[in-house]
Structure formats: structure tokens, C-alpha cells
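Participant:
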Amino acid sequence: MDICRATHRLPYVELLTAMRDAGANESEYPKLDDAFGTCALGEKHNGRHMGSVYAPGAEPELWVQWDDDKIIYVRVPICAQDDLSIPLKERMACWLPLAHDCGHSWEAREWAYL
Ligand SMILES: [Zn+2]
Ligand SMILES: [Zn+2]
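Under this note's numbering, the first residue of the sequence shown is numbered 686, with each subsequent residue one higher.
1) For L700, is the beta carbon positioned less than 6 Å from some heavy atom of ligand 1?
2) Roughly how many angstroms lie between the CA atoms of C764 and L695, to the nearest whole one?
3) Under 7 Å, do H730 and W751 count as touching if we go by C-beta distance?
4) Take S737 and list the residues in its own chain whose beta-carbon comes closer than 7 Å to its own, dropping the five residues that flank it on each side.
5) Is Q750 near ligand 2, with its Cβ less than 6 Å from a heavy atom?
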């Protein structure tokens, strides 16, 4: 599986507001030039693009979803599905949002063994 990696500029004030509401403090805010979402889903996914915005440490993470018309911030727990075909010690739980479309993060060749 390849990653979609579509990017989208995020309106700055809305982004910071969503981050603040998710518990981020000012030192964690991105710079204006870095206010982009990058889609982490598999490249053949259906529906809106989806990129991680802020991981507060405790779940749920803040994600941004977008399409041509809309940008939406959502807080979603991670999928956490394991790859049952490999030994337990080498497994990495999927870090994509719960109920995500397409394959799990460990199915992406480039991220499988980070
Ligand atoms: Zn996408
Ligand atoms: Zn998954």
C-alpha cells in the first residue's frame, strides 16, 4: 500500500483553535508556514482526506479531514489493529484513526517498520 499524502493548507486560526480545544498549548502550535494537513490514509481511500494534527499523548488524537468543500477537525482514537501474521514482538499497532478507510499503517511499505 502507498500513502495518499495529499496536502491541504489549513486556515491558521481554525487550526490553532482546534488544537487548543484538544489541549495543545502555544509552544505546540505549528508555524504559519507549517499549517498543512497531510493525508495519512492509503492512496486509494474513499471519502475525505485525513491527516493527524495533534497527538495529546492521551487519546483521542486530533485529525483534520478535508475535501474540496470542507475542512473538519475530529478527535478519534487510533485503530490499534495489530498485524497478526508477524511475531508479537515485531508488531506495531496501526496508528491511523479508528474505522479508517484502506489498509492499516503497517501495510504501508514506507512506514511499516519505522
Ligand atoms: Zn488522502
Ligand atoms: Zn488500522
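Beta carbons are placed, not taken as given, at the ideal position from N, Cα and C, and that holds for glycine.
Facilitator: Put simply:
1) Residue mapping note: residue 700 aligns to position 15 of the sequence shown, counting from 1. Answer for L700: no, Cβ out of range of ligand 1.
2) In the sequence shown, residue 764 corresponds to position 79, counting from 1. In the sequence shown, residue 695 corresponds to position 10, counting from 1. When rounded, the distance between both Cα atoms is 24 Å.
3) Stepping through the sequence shown from its first residue, residue 730 is reached at position 45. Stepping through the sequence shown from its first residue, residue 751 is reached at position 66. Going by C-beta atoms, H730 is not nearer than 7 Å to W751.
4) Counting from one through the sequence shown, the residue named residue 737 turns up at place 52. Contacts found: A725, E746 and W748.
5) Residue 750 sits at position 65 when you count from the first residue of the sequence shown. No, Cβ of Q750 sits at least 6 Å from all heavy atoms of ligand 2.
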